[in-house]
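Below you'll find the structure, written out as structure tokens, and then a few comments.
Residue numbers (our numbering): 380 to 642.
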């Protein structure tokens, strides 16, 4: 539609300039008869008047067309910029939704780092009133990450490749903690941060999540000490291996019992 209007305006400009040109051409071709019939002075005045009016009409028509063209270009540029900005906001919003969906996916392995970033985001924005318990839970995930690093270093330092399966124990604990956080975040997504009843509900869920996390972290800490003791007493005390298996069994049973309760 804008292209069609521009073409119509261009036609008006061509007509205005064309008519002005034809008027000047007609005057030029008729100069002899006009001079003979009306005199040289009349012809000069008529010529000056026709030329001036033709020039003014042509300049006005061309100027209006150029001004309209510049205005149209600016409008298109502003529209393109606005559309690009809207598209960028839409992509950013979709990216946040995808990140949230990916982090909280039940069927996929959860990324502890992304869960921690999400806790920070909630604590800094919508749920700033509960930033302290949110940051406490984030610290638990930080501690879990440290425990995993300690285990990896312990196995590498002692060349205990045969005990590499113990890393799976801590991975399962980390997933357990992340999924507990997911449950709380799901409540926070639907709760109203300005409603006292909703805030209390979320606070209670955070407390439960924190208590469960503390229990698992304590068991992991005891497991690491048992592993260190086993490595220190290899070939000296068969009971150390038995204690290690007990801690492994206790940790797995604790996680599996909670998962069974959910079903």
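The beta-carbon is built from N, C-alpha and C at its ideal position, and this holds for glycine as well. These figures come from a predicted structure and were not determined experimentally.
Counting C-beta pairs with one atom in each stretch, the region 527-538 and the region 559-579 have fewer than three that are closer than 8 Å, which means they do not touch. Residue 533 places its beta carbon 9 Å or farther from that of residue 460.
DSSP places residue 521 in the helix class (H, G or I) of the three-state scheme. Using a Cβ-Cβ distance cut-off of 8 Å, the region 389-409 and the region 440-447 are in contact, since at least three pairs of beta carbons, one from each stretch, lie closer than that value. Taking the C-beta atoms as reference points, residue 631 is found no nearer than 9 Å to residue 516. By alpha-carbon distance to residue 626, the top candidate from 556, 562, 530 and 600 is 600. The shortest C-alpha to C-alpha distance from residue 511 to any of 462, 589 and 546 is the one to 589. Taken through DSSP and simplified to helix, strand or coil, residue 514 comes out as helix. In this structure residue 469 is not in contact with residue 560, their Cβ atoms being roughly 28 Å apart against a cut-off of 8 Å.
DSSP assignment within the region 414-483 yields the following whole alpha helix (DSSP H) runs of 4 residues or more, N-terminal first: 419-482. Between residue 586 and residue 569, the alpha-carbon positions lie close to 18 Å from each other. CA-to-CA, the gap between residue 400 and residue 467 works out to about 51 Å.
For residue 491, the uninterrupted alpha helix (DSSP H) run begins and ends at 491-503, by DSSP. Using a 10 angstroms sphere on the CB of residue 623, the tally of other CB atoms reaches 16 or more, which defines it as buried. In this structure, the straight-line span from the alpha carbon of residue 546 to that of residue 490 is close to 16 Å.
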